[in-house]
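Take the position in the sequence shown, starting the count at 1, then add 1270; the result is the number in this note's numbering.
C-beta atoms are modelled at their ideal positions from N, C-alpha and C, and glycine is treated no differently.
Single-structure report; data block below.
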Amino acid sequence: MKTASTPGRGWLLRLVLTFSFAQAAVSMARPAVSYRALALGADETAIGVITGVYALLPLLVAVPLGRRTDHGRCTPLLAVGVALITGGCALSGVVASLPAMAAWSGVMGLGHLCFVIGAQSIVARRSAPEERDRNFGHFTIGASLGQLIGPAGAGLLISEHDGAMARTSATALLVSAAAAACACTALWRLEQRGAALPAARTDARRVPVLGILRTRGVGAGIFISLSVLSATDILTAYLPVVGEAHHIAPATIGLLLSLRAAATIACRLVMTPMLRLLGRTVLLTTTCAAAALLCAAIAVPLPVWALALVLAALGFCLGVGQPLSMTTVVQAAPDDARSTALALRLTGNRLGQVAAPAGAGLAAGIAGAAAPFVLLGVLLLGSAAVALRSPREAGRAPRGPGAPRKKQPPRAAEARPCCPEGRRSGRGS
């Protein structure tokens, strides 16, 4: 994948806008799918299967999509992703059987994966190395905005009064489909017009997946991303359980979760000055370690005002991990396999979305509702240790087995003189 820094950042603003629409649609649709499935008679096991299909189905195509994007344009993948999200949301609101809902939930997950791989690849391709931390930070603001708006929209639309859950959840799914369709309005000129595309070298040996994973920095970025995303997911799922145990009203819990999302957005707006002050390695290490302590603090009974402060600080710390893990993976990966490396990172995220809730549920069943937050603290401490050991400049990391080596320019001493005077004197100009 070739990198080109382009003047202006209108393309990044449009990409953030389209990502906000797509993420808001998915964030609204996922709880709406669960409510509609409950209205159709699903039990806890069926809800788990439907949720698992959303995360597991895309695992089968993540790496092939990354391979394709490494040697082609990214915008068509965004358009396909928007179409799949729109169709998955709309048809989930129309069908009346649980197997069909599971299938369309998987289509929605596949669309989200296509969109994110394409969007992240555009950021990597259009950003100079020194701009990637900033641009990935701004790009992920789109995800945070979607996560802030989507669940709130679902909560406003869905009602269980007088048996209206089936109808109102279907309405929420149709609205989420409309939101996804709005993403198409900002897909224009996200890639450079007339720019040379990476060559599709069918005769060249592709970089093996294991070679990418063994490259120093790639595994660290994947693990950090998995840990931070797992923390966000489990926090969303289990904070209501903690609130119920401590007699905190559901409306207050919703405001606390929105506060966490707002703090994440604030973090990403000030990412550049923090990087200048601390550097990527120190910033990743300190925020992961602080997030671990803050997660453990949630396990302790706290008044609402103290819990609000903890969640605001936690949201700020968790805002660092995702964009910087993208940069770590892109900088460390071989040049011809950056989209594949980003796809592997997303694969790790999906695995975390399946394994982390399962582990959290097991811990909660054994030790109570506070146990998942202690588990998250341990996971984030591990991320801090991994971040500390990751290469300080991922772009200079050694390549993994099978990775192509970059051609080095000839040394000045080895260059032949280009004029007779140079040959006689042996000195350059």
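No residue range can be given for Pro1478, since it is assigned to no alpha helix (DSSP H) and is classified by DSSP as neither H nor E.
Assigned with DSSP and collapsed to three states, His1516 falls in coil, not helix or strand.
Of all C-beta pairs linking the stretch 1283–1301 to the stretch 1405–1419, three or more are shorter than 8 angstroms, placing the two stretches in contact.
In this structure, Gly1420 and Met1541 do not form a Cβ contact; the two beta carbons are roughly 23 angstroms apart against a cut-off of 8 angstroms.
Between Thr1339 and the set Leu1547, Gly1549, Ala1613, the nearest pair of CA atoms involves Ala1613. Per the Cβ contact rule, the stretch 1509–1520 is not in contact with the stretch 1382–1398 (fewer than 3 Cβ pairs under 8 angstroms). Collapsing the DSSP output to three states places Pro1571 in coil. With respect to the 8 angstroms criterion, Ser1653 and Ser1397 are not classified as neighbours on the basis of their beta carbons.
DSSP places Pro1604 in the coil class of the three-state scheme, outside both helix and strand. Residue burial is scored here from C-beta neighbours: Asp1606 has at least 16 other C-beta atoms within 10 angstroms and is therefore classed as buried. Note that the C-beta distance between Gly1379 and Pro1328 is below 8 angstroms. As the crow flies, the alpha-carbon of Val1574 is around 41 angstroms from that of Arg1279.
In the three-state DSSP reduction, Ala1372 falls in the helix class (H, G or I).
Contact between Phe1493 and Ala1566 does not hold, since the beta-carbon distance rounds to 20 angstroms and is not under 8 angstroms. Annotated three-state conformation of Arg1459 is coil, per DSSP.
The three-state secondary structure of Thr1485, taken from DSSP, is coil. Per the coordinates, the alpha-carbon of Ala1561 lies some 16 angstroms from the alpha-carbon of Ala1532. DSSP places Cys1452 within a helical segment (H, G or I) once states are collapsed to three. Within the model, the alpha-carbon separation for Leu1347 versus Ser1495 is close to 22 angstroms. Of the residues assessed, Leu1547 falls on the exposed side of the cut-off, its CB having fewer than 16 other CB atoms within 10 angstroms.
The C-beta distance from Pro1399 to Gln1592 rounds to 19 angstroms, too long to meet the 8 angstroms contact threshold. Judged by their CB atoms, Tyr1305 and Ser1439 are nearer to each other than the 8 angstroms cut-off. In the displayed model, Gly1336 falls within a helix according to three-state DSSP.
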